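Number of protein chains: 2
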Amino acid sequence: MHKIEVDAKIDVLSLNKRYAKENREFFRKNNILVINVMGAIGSGKTLLIEKTIDSLGYKIGAILGDVVCKADYDRISKHKVKAKAINTGKECHLDAHLVNHVIDEFDDVDILFIENVGNLICPVDFDLGEDIRVVMVSVTEGDDVVAKHPEIFRIADVIIINKVGLAKFVGANVEKMFNDAKDLNPKAKIIRMDLKEGIGFDEWLDLVNSYVSRHNREG
Amino acid sequence: MHKIEVDAKIDVLSLNKRYAKENREFFRKNNILVINVMGAIGSGKTLLIEKTIDSLGYKIGAILGDVVCKADYDRISKHKVKAKAINTGKECHLDAHLVNHVIDEFDDVDILFIENVGNLICPVDFDLGEDIRVVMVSVTEGDDVVAKHPEIFRIADVIIINKVGLAKFVGANVEKMFNDAKDLNPKAKIIRMDLKEGIGFDEWLDLVNSYVSRHNREG
Numbered sequence: 002m003h004k005i006e007v008d009a010k011i012d013v014l015s016l017n018k019r020y021a022k023e024n025r026e027f028f029r030k031n032n033i034l035v036i037n038v039m040g041a042i043g044s045g046k047t048l049l050i051e052k053t054i055d056s057l058g059y060k061i062g063a064i065l066g067d068v069v070c071k072a073d074y075d076r077i078s079k080h081k082v083k084a085k086a087i088n089t090g091k092e093c094h095l096d097a098h099l100v101n102h103v104i105d106e107f108d109d110v111d112i113l114f115i116e117n118v119g120n121l122i123c124p125v126d127f128d129l130g131e132d133i134r135v136v137m138v139s140v141t142e143g144d145d146v147v148a149k150h151p152e153i154f155r156i157a158d159v160i161i162i163n164k165v166g167l168a169k170f171v172g173a174n175v176e177k178m179f180n181d182a183k184d185l186n187p188k189a190k191i192i193r194m195d196l197k198e199g200i201g202f203d204e205w206l207d208l209v210n211s212y213v214s215r216h217n218r219e220g
Numbered sequence: 002m003h004k005i006e007v008d009a010k011i012d013v014l015s016l017n018k019r020y021a022k023e024n025r026e027f028f029r030k031n032n033i034l035v036i037n038v039m040g041a042i043g044s045g046k047t048l049l050i051e052k053t054i055d056s057l058g059y060k061i062g063a064i065l066g067d068v069v070c071k072a073d074y075d076r077i078s079k080h081k082v083k084a085k086a087i088n089t090g091k092e093c094h095l096d097a098h099l100v101n102h103v104i105d106e107f108d109d110v111d112i113l114f115i116e117n118v119g120n121l122i123c124p125v126d127f128d129l130g131e132d133i134r135v136v137m138v139s140v141t142e143g144d145d146v147v148a149k150h151p152e153i154f155r156i157a158d159v160i161i162i163n164k165v166g167l168a169k170f171v172g173a174n175v176e177k178m179f180n181d182a183k184d185l186n187p188k189a190k191i192i193r194m195d196l197k198e199g200i201g202f203d204e205w206l207d208l209v210n211s212y213v214s215r216h217n218r219e220g
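Chains A and B, in that order, are what the protein sequence lines are.
Residue 220 is where the first sequence ends in the working numbering, and the numbering goes up by one at each step.
Residue 220 is where the second sequence ends in the working numbering, and the numbering goes up by one at each step.
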């Protein structure tokens, strides 16, 4: 959680690496596509997972990370999929060990979503064993939010700029956000989205479908 | 930044405590009211500080914490006040030591604002030597944002629920947020605000004035 001596940090990260490897072996053995969804508070992570569950025919599971309480878990559970909450206490990110504790319950799903704790800083260093990293921001966070958090956008496979329908109300420049993302990470797929207005969601579903196909081919 | 062994954590926190005490002595000696402004990304922290600088006759200084870049610093500097950026690198909060490095430059101000790094988790444990703790959220973060981050609201003197004018567009229940804050911290002053529409700002200025008066009396 907090600034620590270098030695301690290395230990934490090498321990994480070991568990991430173990998780990845488990997911591969059971042919599960794992998507780590990161992003700030209120950027729309839970709603993205809910709508994806309702729109795709795959067997989906979800791990919901949060500092306290099970609000996101309650929302996902209503969609009749296997879900598990991980409360991190004071920790600002999930780690591979915490995830490792619960993955056994998901051995029969096609896609496992892992919703990380809501912030754009701490999840960066922690590989959870996932295949795909999604970083989600919303225009209401200010159109400088991408430029201000370069590390997390650099490690993303998919960058979602959500709530574009609200840009005019909050005076945010969506194209600046798009270009900042593109500059930081030219390889990432960048989607302009508004989940409440349905913008960009089909593009997201197509992408998930393509990941599943590729995953099954390479499986 | 990340989960660490208990021993290391205790060391970090006792070191922080020592520097916080030193900062507090410096601020007291120079009769400076110090306000630590915490809150998620895009909640409106920088704008609050900018508008306060423009509205009050005090000599104001500002320390702007961010993981990288100086965007907030650039915004504040335009208001012709003494400002200093602290880039925390990968750290998700300011600590008393980082603040200690720069306070000498602010020995002649009446009010020093410290804008913390944008998230609702990590700044909780780190006393910077401030007098007043402000926690700022916006309705666009979702109306469950208060209930989901109890720790930071419990340590607040002032809780600001910003962007209430957008509540209707994002389907947020401001009263739920207000009541969640009240439940967590009955002693805190809670302000419903919309900085762009001018809502709640006078209430905030009155509060800052009352803090300055009290501070000078007790000085």
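All C-beta atoms, glycine included, are put in the ideal place defined by N, C-alpha and C.
Fair warning: this is a prediction, and the values are worked out from it, not measured in the lab.
Give the residues of chain A in contact with P151 of chain B, contact being defined as C-beta atoms less than 9 Å apart.
V68, V69, C70
Give the single residue among B:G130, B:H216, B:V146, B:A97 whose Cα lies nearest to the Cα of M137 of chain B.
B:V146
How close, in whole Å, do the beta carbons of L196 of chain B and K52 of chain B come, if the pair is a contact with beta carbons under 8 Å?
About 6 Å separates the two Cβ atoms, so the contact holds.
Going along the chain, which residues of the stretch 150-169 of chain A sit with their C-beta nearer than 8 Å to a C-beta in chain B?
Within the stretch 150-169 of chain A, the residues whose Cβ lies closer than 8 Å to some Cβ of chain B are H150, P151, E152, K164, L167, listed in chain order.
Cβ contact check for the stretch 147-158 of chain B and the stretch 122-131 of chain B: 3 or more pairs under 8 Å:
yes
Answer yes or no: do I192 of chain A and E176 of chain A have a C-beta to C-beta separation smaller than 8 Å?
no
Name the residues in the stretch 29-53 of chain A whose C-beta lies less than 8 Å from a C-beta of chain B; which are they?
A41, I42, G43
In its own chain, which residues sit with a C-beta less than 8 Å from the C-beta of N210 of chain B, not counting the 5 before and 5 after it?
The residues are L57.
Among B:L34, B:A21, B:Y20, B:E23, which has the Cα closest to the Cα of S214 of chain B?
B:L34
Selection from A:L95, A:V110, A:F28, A:D96 that minimises the alpha carbon distance to A84 of chain A:
A:V110
Measure how close the beta-carbons of V159 of chain B and A182 of chain B come, nearest whole angstrom, since I'm counting them as under 8 Å.
Contact doesn't hold; Cβ gap of about 10 Å is too wide.
Entirely within the stretch 44-128 of chain B and at least 3 residues each: give me those beta strand (DSSP E) ranges in chain order.
Runs found: 61-67, 83-88, 112-116.
Do you know whose CA, among A:V171, A:K18, A:G143, lies nearest A72 of chain B's CA?
A:G143
Does any residue of chain B bring its CB to less than 8 Å from the CB of N120 of chain A?
yes
Assigned exposure category for N174 of chain A - 16 Cβ within 10 Å defines buried
exposed
Where does G166 of chain B sit, in a helix, a strand or coil, going by DSSP?
In the three-state DSSP reduction, G166 of chain B falls in the helix class (H, G or I).
Given that a residue counts as buried once 16 or more other Cβ atoms are within 10 Å of its Cβ, and exposed if not, what is K164 of chain B?
buried
Could you check if K46 of chain A is buried or exposed, using at least 16 other CB atoms within 10 Å of its CB as the buried criterion?
The residue in question, K46 of chain A, is buried, as its Cβ has 16 or more Cβ neighbours within 10 Å.
Using beta-carbon positions only, say whether A63 of chain B and G119 of chain B come within less than 8 Å of one another.
no
Across which residues does DSSP place N180 of chain B in a beta bridge pair?
Per DSSP, none; premise fails for N180 of chain B.
With a threshold of 8 Å, are at least 3 pairs of Cβ atoms found where one atom belongs to the stretch 74-81 of chain A and the other to the stretch 93-100 of chain A?
No contact exists between the stretch 74-81 of chain A and the stretch 93-100 of chain A.
Quick check on L14 of chain A: does DSSP put it in helix, strand or coil?
Of the three classes helix, strand and coil, the one that applies to L14 of chain A here is helix, per DSSP.
Applying the 10 Å Cβ sphere with the 16-neighbour rule, what's the burial state of R134 of chain A?
buried
In terms of residue numbering, what span does the beta strand (DSSP E) encompassing I36 of chain B cover?
34-40
Return the bridge partner residues of V138 of chain B from the DSSP annotation.
B:I162
Would you mind working out which of B:P187, B:G199, B:K30, B:L14 sits nearest D108 of chain B, comparing C-alpha positions?
B:K30
Taking L112 of chain B and L129 of chain B to be in contact with their CB atoms under 8 Å, please state how far apart those CB atoms are, rounded to whole angstroms.
For clarity, residue 112 of chain B is Ile in the given sequence; the question names Leu instead. About 14 Å; that fails the 8 Å criterion.
Member of B:I162, B:E219, B:F170 whose CA lies at the smallest distance from the CA of M194 of chain B
The candidate whose alpha carbon is nearest that of M194 of chain B is B:I162.
Can you pull the chain B neighbours of G130 of chain A, defined as C-beta to C-beta under 8 Å?
The contacting residues do not exist; G130 of chain A stays about 17 Å from chain B at best.
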